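Here's the structure we're looking at; comments come further down.
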Amino acid sequence: GRRLSGSGVLGGALHTLGYFSTDVCLGSPPRAFDLIVDTGSSITAVPCASCRTCGEHMCGASGRFDITASRTAESVQCPTRPISSLKCEPCLSNQCGYSVRYTEGSMIRGRVVTDLAHFAHASSATSADAPRGTNSSVRVFFGCQTMETGMFQRQRADGILGLQSSRIRSKVPSMLSALVNQQQAPNAFSLCLADRTGLFLLGGRPPHPTQHGALTVPFERG
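So for the sequence shown, the numbering used here puts the first residue at 150; every next one is plus one.
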């Protein structure tokens, strides 16, 4: 399995903050972003350096994603799509855009970019997995936000990490789908949650999940 660089530690509080988040390292050189782990969407999104309506998040205004500061970052052009699972909504001035409205009323909007996400390997039950302690980088697609509203603007976390299957109401492929396609990782993720902390494993599952009363839930088609 793969843990996001930052060791896959979750922080948060479901009853006060309303979410759990983890550090995600993007770009070259890598920059860490504190992202909410969301099992109900597939898009990963962070605030853009050019955003004028983004809130005061953990990264601060100077820590927002700057496509010109990463030597591996690229803007996604349209109407030609680099992969079939990517849907540009809208396509303006040949820039692939996205817009997502969440059930509590908040909204994010911006442009789609592609860059490297960095993962640390953890021990797992899959024999094809890389040795524990090694790292790998995977090219992923994510949103660079130029607008935030509502709770999304007020939250302390920098953005969102969607874990939903990219085949379900997807506009931007998830990081999990990138791991599955590029690293032949298992199409699964694992969450271990306590009141204010937890652990997160992406593209894998614990070696013996049933020994400690873990609950396994299959992906559902929406």
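By construction, the Cβ of each residue, glycine as well, lies at the ideal position given by its N, Cα and C atoms. Computed from a prediction, not measured in an experiment: that's the story for all the values here.
Q. Exposed or buried, which one is Ala266 when buried takes at least 16 other CB atoms within 10 Å?
A. Of the residues assessed, Ala266 falls on the buried side of the cut-off, its CB having 16 or more other CB atoms within 10 angstroms.
Q) When you compare only the Cα positions, how much space is there between Met207 and Ala334? A) In a straight line, the C-alpha of Met207 is about 30 Å away from that of Ala334.
Q. Between Val195 and chain B, is there a C-beta pair that is closer than 9 Å?
A. As a matter of chain content, chain B is missing from the structure shown, which is built from one protein chain.
Q) With a Cβ-Cβ cutoff of 9 Å, do Phe301 and Val262 count as a contact? A) At least 9 Å separates the beta-carbon of Phe301 from that of Val262.
**Q.** Own chain residues within Cβ distance below 6 Å of Met256, not counting five before or after
**A.** Only Arg250, Thr298 meet the Cβ criterion.
Q | Residue(s) in a DSSP beta bridge with Asn284 | A | Answer by DSSP bridge pairing, in chain order: Ala269.
**Q.** Residue interval of the alpha helix (DSSP H) (run including Ala327)
**A.** 324-332 is the span of the alpha helix (DSSP H), which, as asked, contains Ala327.
Q: Pick helix, strand or coil for Gln302, following the three-state DSSP scheme.
A: Gln302: helix per DSSP, three-state reduction.
**Q.** For Ser224 and Ile232, believed in contact at Cβ under 8 Å, the rounded distance
**A.** Not confirmed; about 15 Å, so no contact.
Q. Cβ of Leu328 within 9 Å of Cβ of Ser191?
A. No; because the gap between Cβ atoms is not below 9 Å, this pair is not in contact.
Q) For Ser219, does the three-state DSSP call read helix, strand or coil? A) Coil, per DSSP.
Q: Take Gln244 and list the residues in its own chain whose beta-carbon comes closer than 6 Å to its own, dropping the five residues that flank it on each side.
A: For Gln244, where only same-chain residues beyond five positions count, the Cβ hits under 6 Å are Arg260.
Q: Could you tell me how far apart the beta carbons of Leu310 and Leu159 are, in whole angstroms, since I believe they sit closer than 8 Å?
A: Going by Cβ atoms, the distance from Leu310 to Leu159 rounds to 11 Å, so no, they are not a contact pair.
Q: With distances taken Cα to Cα, identify the nearest neighbour of Pro178 among Pro322, Asp264, Gly308.
A: Asp264 is the residue among Pro322, Asp264, Gly308 whose C-alpha sits nearest the C-alpha of Pro178.
(Q) Measuring straight from C-alpha to C-alpha, what distance separates His270 and Asn284? (A) One Cα belongs to His270, the other to Asn284, and the distance between them is close to 6 Å.
**Q.** Candidates Met296, Leu325, Thr346, Arg345: closest to Gly353 by CA position
**A.** If we check each option's Cα against that of Gly353, Leu325 comes out closest.
Q) What are the boundary residues of the beta strand (DSSP E) that Cys174 is part of? A) According to the DSSP assignment, Cys174 belongs to the beta strand (DSSP E) that extends over 168-175.
Q) Do the CB positions of Gly347 and Phe182 come within less than 9 Å of each other? A) Contact flag unset, no.
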